[in-house]
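Read top to bottom, the protein sequences are chains A and B. Residue numbering for the first sequence follows the numbering used here, starting at 1 and increasing by one per position. Residue numbering for the second sequence follows the numbering used here, starting at 1001 and increasing by one per position.
There are 2 protein chains.
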Amino acid sequence: MKKIVLCCLAAIAAGVAGTASAQFRTPESAIKYRQSVMTVQGRAFYVSIGGMVNGRAPFDAKVAAESAELVRMTAQLPWTAFGPGTDKGAPTDAKPAIWSEPAKFKELADKMQLEVAKLAAAAKTGSLDNLKAAYGPARDACKACHDAFTSQ
Amino acid sequence: MKKIVLCCLAAIAAGVAGTASAQFRTPESAIKYRQSVMTVQGRAFYVSIGGMVNGRAPFDAKVAAESAELVRMTAQLPWTAFGPGTDKGAPTDAKPAIWSEPAKFKELADKMQLEVAKLAAAAKTGSLDNLKAAYGPARDACKACHDAFTSQ
C-alpha cells in the first residue's frame, strides 16, 4: 500500500493531477480507480445496507446512515475515470457502449445517483421502513446500468 | 463490474455476509477490498485535497468538504479486512507485523482516524487555512502507518 502513497506523490510531483476531476496518468490507473470505487460501494450497498434491509443483520440506524452516505458519495466518483482511451489498458468489464452511447450511459448513471441520494436521505431518517422503500429502486438503478454497460 | 454485483449477490445468497463488519468470503476478497479502500481514499486525499492545499488546484470549499468526509468515512473501513489469514491469498504489501504487532497497528490506525476526522472537521469550516493546518498531521499519520506496516 505504500505504493499507492508513492504513486500519488509521484503523480503530484509530476504536476499531472491537481483537481478532484484531474485526469488519470494512465488508462490502467483510471480502470483501477473506477473498479476500486465499485468494490467499496458494492460492499456498503449489498452487504451493509442490504444485510439490514433483507433481515440478515440487525438494523443499526447509524451504520445504515453512514453506509448510505458512503454509497451516495462514491456514486459521484467513477465518471471521470471513464475518459477516452480507458476502454482498455487493464482487464475491465466495461463495454464499448459506454463510449459509443454516452447519452444513454449518462442517463443511467444520473438515475443511479438520484436513487442513491434518495437512499441516503431515507437512511438519515433512522427508519428501517424508509430504508427498505428506497433500497429496491437504488438496487434496480445500479443493476440497469451494469446490465447495459458491463459484461460478465 | 457486473461481477461485483454477482459476487455480492452470491455472498448474500450464501448467507455469509450480513453486517457492516461481516467476514469476507476469501482472503483474496478481503485483500481486494482493503486495497480498493486505499485507492479511493488516496485519490480523495492526495489528489483532491492535496491539490488544493498545495496550490495546484483552485480551492473549492464544497469539494474539499466532500473529499475530506470521504477520507474520514473510508478511514473506518479497511480494518475488518485484516482478519486472520488475510496476510496472503493475493498480492499484498501488508507486512506480517500487522498480525504480529496488533497493538502497534491499532495505535497507528487509531491515530490516522483521529487526524482525518480533524481534517474533515476543518474542511467543513470552509477555510483553506484550516484545511492546510489539518492536512499535514493527517498526511503524516497516514505515512507513519504505511511506513511501519507496508512494504514497497
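No residue lacks a Cβ here, since even glycine has one placed at the ideal position from N, Cα and C.
Scanning chain A for C-beta atoms nearer than 8 Å to the C-beta of Lys1032 of chain B yields Thr39, reported in chain order. The DSSP-derived three-state label of Thr1026 of chain B is coil. According to DSSP, residue pairing for Thr1150 of chain B in a beta bridge involves B:Ala1094. Selection B:Ser1151, B:Asp1147 and B:Tyr1033 evaluated against Ala1081 of chain B yields B:Tyr1033 as nearest (Cα-Cα).
Setting aside the 5 residues that flank it on each side, Pro78 of chain A is surrounded in the same chain by Tyr33, Arg34, Val37 and Met38, each with a C-beta closer than 8 Å to its C-beta; the list follows chain order. Spatial neighbours of Gln1041 of chain B in its own chain (CB-CB distance under 8 Å, excluding positions within 5 residues in sequence) are listed in chain order as Leu1070, Val1071, Thr1074 and Ala1075. Against chain B, the CB of Glu115 of chain A has no partner CB under 9 Å away; the residue lies outside that interface. If you check the CB distance, Phe1149 of chain B and Leu1108 of chain B come in under 9 Å. Taking the CA atoms as reference points, Ala1141 of chain B sits about 36 Å from Asp87 of chain A. A buried status is given to Gly50 of chain A, since no fewer than 16 other beta-carbon atoms sit within 10 Å of its beta-carbon. Taking each of A:Glu66, A:Gly55, A:Lys62 and A:Pro27 in turn and checking the Cα distance to Val116 of chain A, the smallest one comes out for A:Glu66. Identification of chain B residues near Glu66 of chain A by a Cβ-Cβ cut-off of 7 Å yields Met1073, ordered along the chain. Listed along chain A, the residues sitting closer than 7 Å to Ser1036 of chain B by beta-carbon distance are Ser36, Thr39 and Val40. Taking a C-beta distance under 9 Å as the contact criterion, Ala1121 of chain B and Ala1133 of chain B do not qualify as a contact pair. In the three-state reduction of the DSSP assignment, Ala1075 of chain B falls in the coil class. Residues of chain A whose Cβ lies closer than 7 Å to the Cβ of Arg1025 of chain B do not exist; the shortest such Cβ separation is about 11 Å.
In the same chain as Ala1097 of chain B, and ignoring 5 residues on each side of it, the C-beta atoms closer than 8 Å to its own belong to Lys1104, Phe1105, Ala1148 and Phe1149, in chain order.
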